[in-house]
Amino acid sequence: MPDDRSALAETPCTCAALRRTARRLTKAYDRALRPAGLRLTQYSVLANVARADGEGSGLTVTDLARRLAMDRTTLTRNLRPLEVAGWLRVAPGPDRRSRAVEITEEGRRVLEAARPLWQAAERAFRRTLGREEAAELRRLLDAAMASAGGRAGGVAKAARE
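Letter by letter, the sequence shown follows residues 1497 to 1657 in my numbering.
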């Protein structure tokens, strides 16, 4: 049976290889965040809402979906447990069609408790991969994100041309 690296090398689809790696990394971060009662997606949602709040800019569900590169339906599903737990508040937004997302004090406490766990997972990943390689990977991921484009997607558009 091939090891994980050879299986990735045999995957002809870059996107499939990236998703496979992302699932593995997500599991590692989820394990690290478990003592705080969070999963990586939940941590990311809380951190992004808190960051926007700290910048003095409120977020609508649509704004948050854009920041996280998620579709609104998926994000809404992810917001519900955080709202039920009392960590986020989702209320009517600036206009009748939008909904605003705010972090609660309890949400801030959970985020602060989880931050050192996330930082430890991040350090472990960088240590395992190597600092320079991790920085290069981040640069490549940022470039891949930019090349994927917006909703229509740069990659999909290029494939049609």
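Using N, Cα and C, we set each Cβ at its ideal position, and we do this for glycine too.
Bear in mind the structure is a predicted one, so any value in this text is a computation, not a measurement.
Cα-Cα separation between residue i and residue j, rounded to whole angstroms
i	j	result
arginine 1619	arginine 1592	43 Å
arginine 1585	glycine 1603	9 Å
asparagine 1544	leucine 1625	26 Å
Contacts around residue i, its chain only, beta-carbon distance under 8 Å, and the 5 residues preceding and following it disregarded
i	result
arginine 1623	none
alanine 1565	Met1641
Residue i - containing alpha helix (DSSP H), residue span
i	result
alanine 1631	1627 to 1644
alanine 1658	Residue 1658 lies beyond the range of the chain shown here (1497 to 1657); nothing can be said about it.
leucine 1534	Run containing leucine 1534: none; DSSP gives neither H nor E here.
arginine 1593	Premise fails: arginine 1593 is in no alpha helix (DSSP H) and is neither H nor E.
glutamate 1579	1568 to 1580
Buried or exposed by the 16-neighbour rule on C-beta atoms within 10 Å, applied to residue i
i	result
valine 1580	exposed
glutamine 1615	exposed
alanine 1617	buried
The ligand GTP heavy atom lying under 7 Å from the CB of residue i
i	result
glutamate 1608	In the structure shown, the ligand GTP is absent, as is every other ligand, since no ligand is present at all.
Cut-off 6 Å between Cβ atoms - residues of its own chain near residue i, not counting five sequence neighbours on either side
i	result
threonine 1522	Leu1536
Nonlocal neighbours in the same chain, by C-beta distance under 7 Å from residue i, ignoring five residues either side
i	result
leucine 1613	Ala1528, Leu1529, Pro1531, Ala1532
Quiz item: Is the number of C-beta pairs between the stretch 1544 to 1561 and the stretch 1594 to 1613 that are closer than 8 Å three or more?
Solution: yes
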